[in-house]
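One structure is given below, encoded as structure tokens.
In my numbering, the protein residues as written are 6 to 139.
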């Protein structure tokens, strides 16, 4: 059986990539995603690559170290944990999300997050201009 190198390539941190520190993948995203425009966020230590259209925006986030996102609100957001562990509080309700689990944040809901070291999430925003490219 031939392995698809797009998803199992050690250089992209795919499913069969070597692990670094505390079991975290280097970078689970395909090379073409790593080449997308970088997100301009007010956060240091959280890298994001974005793709946008008139109906929304998707951002591929990666936190190399433990990272805290302060409470904030905006349009609706849906996400999925790709690697690591995400602690998310939505309107005062805390939750912890593991690899493969999804979350749905309603428009206007105040939320905050803690991404453990090595956590990667894909967030899809209702707002097509949630972030600007760097």
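Each residue gets a CB set at the ideal place from its N, CA and C atoms; glycine is no exception.
It should be emphasised that the depicted structure is a prediction, and the values quoted were computed from it without experimental measurement.
Helix or strand or just coil, what does DSSP make of residue 36? helix
Please report the Cβ distance between residue 95 and residue 110, rounded to the nearest whole angstrom; I am assuming they are in contact, meaning their Cβ atoms lie under 8 Å. 6 Å
For residue 33, is the classification buried or exposed, using 16 other Cβ atoms within 10 angstroms of its Cβ as the cut-off for buried? buried
Counting Cβ pairs, one atom from each stretch, are 3 or more of them under 8 Å apart for the stretch 96-103 and the stretch 44-58? no
I need the straight-line Cα distance from residue 125 to residue 54, nearest angstrom please. 11 Å
Residues in its own chain within less than 7 Å of residue 29 by CB, not counting five upstream and five downstream? Note on residue 29: pLDDT 44, under 50, position unreliable in the model; no value is reported.
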